[in-house]
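Trainee: Before I ask anything, let me first share the structure, which is written out below as structure tokens.
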Amino acid sequence: QVKLVESGGGLVRAGGSLRLSCAASGSIFSANHMGWYRQAPGKQRVLVATITRGGTTNYADSAKGRFTISRDTVKNTVYLQMNSLKADDTAVYYCNVRYSTYVEVWGQGTLVTVSS
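Residue numbers (my numbering): 481 to 596.
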């Protein structure tokens, strides 16, 4: 089974930037759907951004204009570029790769902390 490893999280000041990476142990070329989700303390996990196999992207309203999702099918890596970070962006960020309706993989998460 494919495993996902996120990296790039850390502590950043409000207004700063971070780039998250999600490296897959196997191919993501055939994945239908890849995405980033986040879970803030005491809250449910929510969608941040997704990208389809065809390259169509979708963003949560909170991420539009500030975050960019991309993927490199040669490196089997999904990225999330986050700019103009706010304190409300503080959360654990999870990578998700979905191969079909019934087959999906989650990473272990990477913590992003934005200080105000």
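Just so it is clear, CB atoms sit at the ideal spot from N, CA and C, and this is done for glycine as well.
Nearest-angstrom Cα distance between V485 and Y517?
Mentor: Spanning the two alpha carbons is a distance of roughly 14 angstroms.
Trainee: Based on DSSP bridge pairs, tell me the residues matched to Q561.
Mentor: Beta-bridge pairing links Q561 to R499, T548.
Trainee: In this structure, how does DSSP classify A504 when only helix, strand and coil are distinguished?
Mentor: In the structure shown, A504 sits in a strand (DSSP, three-state: E or B).
Trainee: For the stretch 488-495 against the stretch 507-521, are there 3 or more C-beta pairs whose distance is under 8 angstroms?
Mentor: Segments in contact, no.
Trainee: Alpha carbons only, please: which of R499, D569, S501 is nearest the one belonging to A543?
Mentor: A543 has its Cα closest to that of D569, out of R499, D569, S501.
Trainee: My understanding is that V526 touches A540, with C-beta atoms under 8 angstroms, so please give their C-beta distance in whole angstroms.
Mentor: With a Cβ gap of about 7 angstroms, V526 and A540 count as contacting.
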